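Data block below; observations after.
2 protein chains.
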Amino acid sequence: MGLSSRSAVAIHALTMLARWDDRSLTSAEIADSLASNPVLVRRILGSLRNAGLVLSTEGRGGGWSLALKPREISLHDAYVAVEPGPVLSRHAHPPSDACEVGRNMQALLEVEFREAEQAMEERLGRTTIADLVRRLLTVERELAGSNR
Amino acid sequence: MGLSSRSAVAIHALTMLARWDDRSLTSAEIADSLASNPVLVRRILGSLRNAGLVLSTEGRGGGWSLALKPREISLHDAYVAVEPGPVLSRHAHPPSDACEVGRNMQALLEVEFREAEQAMEERLGRTTIADLVRRLLTVERELAGSNR
DNA sequence: CCAAACTGTAACCATTATGGTTGCAGTAAG
DNA sequence: CTTACTGCAACCATAATGGTTACAGTTTGG
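Here's what the structure looks like:
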C-alpha cells in the first residue's frame, strides 16, 4: 500500500481544530469524527505539537487547539510532522560493490528519489488548512441550499 | 519507512539490462549485484514483463533483456509497474458522516494527495534508464582516470 | 537422450509497521 | 474529591516485506 494514514489523520484533525477554533477539541471528539479512538489521535496530535502546530492543555476542560493560524499551516507541515521516513524506499541492502551498476546505483537513485519526493512535498505545501476549511464550508453551504 | 524497495530493485535491474544489452542477464546475476536472491528478482522482473518493459526466455541460456530501448523506459514506468498502491495512504476507515469535517475530508484529501502523487510521478517520468546508464558510465570513466 | 541451466510459482518464515486497545498515572477544573 | 481531560507504556492482531526452500516446466549442449 504505502505510507501510514497518519498524514490523513493529522490533516483531518487540524481541519477540525481550524473549523471550530473558538473552543478546544478533545481527542475523543476528534476520534469520533475519524471513527477511530482517542489514544491514536493523541499520538498523532503529539507529533503535531512537537512540530509546533498545535497546543494541548491537560486536566478537565482541556483539549487541543491550533498554535498557528490555519493559513500558516500547510499540508506539507502536517506531513513532515507525522511521517518519519522517505516515501520512496531505497535498497534494502547496499548492493554489491563488485558490480559496476551496484556500486553506483544507490547514489544515482538517491538523487532521483529525493527530487521526486521534493516535487510531491512542494505540491503539498501549496495547500493550507485554511484552504480546506474554506472548501469544506462551501460544500456544506451548497448542500444546505439544495436541501431547502 | 514507506513503500517497498521494489522500485529501487526494478530500476537497478533495468539499468543492468541496459548496461549489458548485448546479452541477456540471469536472475542470479542481477541478484548478485543487488546482494539479494534470484527468486525476489524474478518476482519483480515478472512485474516488469507484465508491463511490457522486459522479456524473459526460459531454459538453459535463458534470462532477461529489455523489451524497449533504454531511452524509452522512464523511472516512472518502472515505478508504476511494480508499485501497487498509492504513496500517500488515505483514511484507514471512512470517517464519521455525522461530522461536518468527517463527511467531507476524504474527498478533499483525495484531490490533494492525488495531485501531490502526480507531481512526484511526473518528476520520475523525466529520467530514463538511458540517463542512468550514461551517468553511470561517466562516473566509472572518471574513476578509471583518477586511478591511472 | 540426458544432464545442466535457466524461468515460473507456490509455500513458508521472520521481521517490522500499523492501527487499535487497555490500563493507569498525572493534572486541572468544578 | 470527583470528574474530565492528557500522556504514556504495554500489548495485540493483522498485513506487508524481504528472504528462502522446493519443485515443476523449458531449453540447450554434449
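Protein chains in written order, with the working numbering: chain A, 5 to 152; chain B, 5 to 152. Note that the Cβ used here is the ideal one computed from N, Cα and C, for glycine as well. Owing to the predicted nature of the structure, the values given are computational and were not obtained by experimental measurement.
Near-chain B residues of the stretch 20 to 35 of chain A (beta-carbon distance less than 8 Å), N- to C-terminal order: Of all residues in the stretch 20 to 35 of chain A, 20, 23 have a Cβ within less than 8 Å of some Cβ in chain B.
Out of curiosity, what's the CA-to-CA distance linking residue 87 (chain B) and residue 69 (chain A)? When rounded, the distance between both Cα atoms is 38 Å.
By the three-class DSSP mapping on this structure, what secondary structure does residue 132 (chain B) have? Note: residue 132 (chain B) maps to strand in three-state DSSP.
Looking at the C-beta of residue 15 (chain B), does it have a partner C-beta in chain A at a distance below 8 Å? Cβ-Cβ to chain A under 8 Å: yes for residue 15 (chain B).
Under the three-state reduction of DSSP, which class applies to residue 105 (chain B): helix, strand or coil? Coil at residue 105 (chain B), not helix or strand.
What is the DSSP secondary structure of residue 67 (chain A), reduced to helix, strand or coil? DSSP places residue 67 (chain A) in strand when its eight states are reduced to three.
Return the residues of the stretch 62 to 94 of chain B that lie within a Cβ-Cβ distance of less than 7 Å from chain A, sorted by chain order. Taking 7 Å as the Cβ-Cβ cut-off against chain A, the residues of the stretch 62 to 94 of chain B that qualify are 79, 89, 90, 91, 92, 93, 94.
For residue 23 (chain A) and residue 140 (chain A), believed in contact at Cβ under 8 Å, the rounded distance: Indeed, because the Cβ distance is near 7 Å, the residues count as touching under 8 Å.
Straight-line Cα distance separating residue 149 (chain A) from residue 5 (chain B): For residue 5 (chain B), the predicted structure reports a pLDDT of 41, less than 50, and the residue's modelled location is therefore unreliable. A value from the coordinates is still provided. The alpha-carbon of residue 5 (chain B) is positioned some 45 Å away from that of residue 149 (chain A).
Nearest neighbour of residue 120 (chain A), chosen from B:102, B:50, B:118, B:80 [CA to CA]: Ranking the options by Cα distance to residue 120 (chain A), first place goes to B:80.
Please check if any C-beta of chain A sits within less than 8 Å of the C-beta of residue 9 (chain B). Under the Cβ distance rule, residue 9 (chain B) counts among the residues neighbouring chain A, one pair being separated by less than 8 Å.
Can you name, in chain order, every residue of its own chain whose Cβ lies under 6 Å from the Cβ of residue 75 (chain A), other than the five neighbours on each side? Listed in chain order, the non-local C-beta contacts of residue 75 (chain A) below 6 Å within the same chain comprise 132, 134, local neighbours out to five positions each way being set aside.
How is residue 61 (chain B) classed by DSSP in three states: helix, strand or coil? Residue state, collapsed to three classes: strand.
Tell me the residue span of the alpha helix (DSSP H) that contains residue 50 (chain A). Unbroken alpha helix (DSSP H) run through residue 50 (chain A): 42 to 54.
Give the residues from the stretch 132 to 148 of chain A that approach chain B closer than 8 Å (Cβ to any Cβ), ordered along the chain. Residues of the stretch 132 to 148 of chain A with a C-beta less than 8 Å from any C-beta of chain B: 136, 139, 140, 143, 144, listed in chain order.
Go ahead and label residue 108 (chain A) buried or exposed: buried means 16 or more other beta carbons lie within 10 angstroms of its beta carbon, across all protein chains shown. It is buried - the Cβ of residue 108 (chain A) has at least 16 other Cβ atoms within 10 Å.
Taking the alpha-carbon of residue 65 (chain A) as reference, which of A:122, A:29, A:8, A:118 has the nearest alpha-carbon? Comparing alpha carbon positions, the residue from A:122, A:29, A:8, A:118 closest to residue 65 (chain A) is A:29.
Short Cβ contact (8 Å threshold) for residue 49 (chain B) with residue 58 (chain B): Cβ distance < 8 Å, so residue 49 (chain B) and residue 58 (chain B) count as in contact.
Since residue 80 (chain A) is in the alpha helix (DSSP H), which residue starts that stretch and which ends it? Counting along the chain, the alpha helix (DSSP H) containing residue 80 (chain A) begins and ends at 79 to 86.
Express the C-alpha separation of residue 19 (chain B) and residue 124 (chain A) in angstroms, rounding to a whole number. Roughly 25 Å between the two C-alpha positions.
Exposed unless 16 or more other CB atoms sit within 10 angstroms - verdict on residue 16 (chain B): So residue 16 (chain B) ends up on the buried side.
For residue 35 (chain B) and residue 77 (chain B), I'd like the C-alpha separation in whole angstroms. In a straight line, the C-alpha of residue 35 (chain B) is about 21 Å away from that of residue 77 (chain B).
Let me see if you follow: with CB-CB separation under 8 Å, is residue 42 (chain A) close to chain B or not? Not one chain B Cβ lies under 8 Å of residue 42 (chain A).
Name the chain A residues that come within less than 8 Å of residue 105 (chain B), Cβ to Cβ? Those are 16, 19, 20, 23, 37, 140, listed as they occur along chain A.
Alpha-carbon to alpha-carbon, residue 27 (chain A) and residue 71 (chain A): When rounded, the distance between both Cα atoms is 13 Å.
Pairwise C-alpha distance: residue 143 (chain B) and residue 110 (chain B): Going from the Cα of residue 110 (chain B) to the Cα of residue 143 (chain B) covers about 46 Å.
State buried or exposed for residue 14 (chain A), treating a residue as buried only when at least 16 other CB atoms are found within 10 Å of its CB. Residue 14 (chain A) comes out buried.
Quick one: what's got a C-beta closer than 6 Å to residue 39 (chain A)'s C-beta in the same chain, skipping five residues either side? Here the set comprises nothing.
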